[in-house]
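Undergrad: Mind having a look at this structure? Questions to follow.
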């Protein structure tokens with residue numbers, strides 16, 4: 178067994194040190210993608226001001242991390258054309274999208290789109306961060322930690338402020354398409 182020493186003073190957690198070749202073989206990228214396609218995820222657009230211009234991208238890997246301190250995280254593909262500009266911003270906004278914002282999510286996921294041009298409606302928020310109109314909420318963050326993991330970057334943000342605008346259904350991503358949450362009962 179090996180020991181995880183990720184954080185000084187943290188509880189030490191035993192981590193298995195591998196086994197035979199059959200136990201350690203990785204699933205193929207296509208097989209992994211197919212397996213995870215059945216797991217729905219919330220959709221956000223992360224925006225920032227970089228070099229005097231707004232930048233942003235769609236993420237479905239967003240999650241809360243900690244209440245004390247207030248931390249959130251998302252992942253960005255290493256090959257993202259937006260990532261180099263977003264990385265240097267230092268501050269960013271997380272725009273939590275509503276179920277009627279699938280076109281906006283697709284726009285910010287596209288490499289060719291003028292993401293902040295018409296019909297995108299937005300305003301400038303704290304520290305110049307672009308805030309998208311119609312979002313259910315905005316989280317105003319400063320970069321807390323960035324870490325390379327596999328072919329993605331883990332970005333952890335410390336939440337300095339939040340604005341909640343709507344309480345209707347969130348936009349979800351499931352099996353390669355956008356959809357909505359439906360309550361039972």
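In our numbering, the protein residues as written are 178 to 362.
All residues carry an ideal CB built from backbone N, CA and C; glycine is no exception.
1. Does any residue of chain D bring its CB to less than 8 angstroms from the CB of residue 210?
2. With a cut-off of 8 angstroms, do at least 3 Cβ pairs link the stretch 285-292 to the stretch 199-212?
3. Taking the runs of the beta strand (DSSP E) that are 3 residues or longer, which of them lie wholly in the stretch 323-349?
4. Report back the beta-carbon spacing between residue 120 and residue 214 to the nearest angstrom; my notes put them in contact at under 8 angstroms.
5. I need the DSSP call for residue 217, collapsed to helix, strand or coil.
6. Inspect the CB distances between the stretch 289-301 and the stretch 238-255 and report whether three or more fall short of 8 angstroms.
7. Can you give me the C-alpha to C-alpha distance between residue 279 and residue 201, rounded to a whole angstrom?
8. Going by C-alpha distance, which of 212, 343 and 261 is nearest residue 224?
9. Just tell me which of 346, 350, 362 and 361 has its CA closest to the CA of residue 275.
TA: According to the data block:
1. Included in the structure is just one protein chain, with no chain D present.
2. no
3. 329-341
4. What the structure shows of the chain is the stretch from 178 to 362, and residue 120 is not part of that stretch, so it cannot be assessed.
5. coil
6. no
7. 38 angstroms
8. 261
9. Selected option, being the one with the closest Cα: 346.
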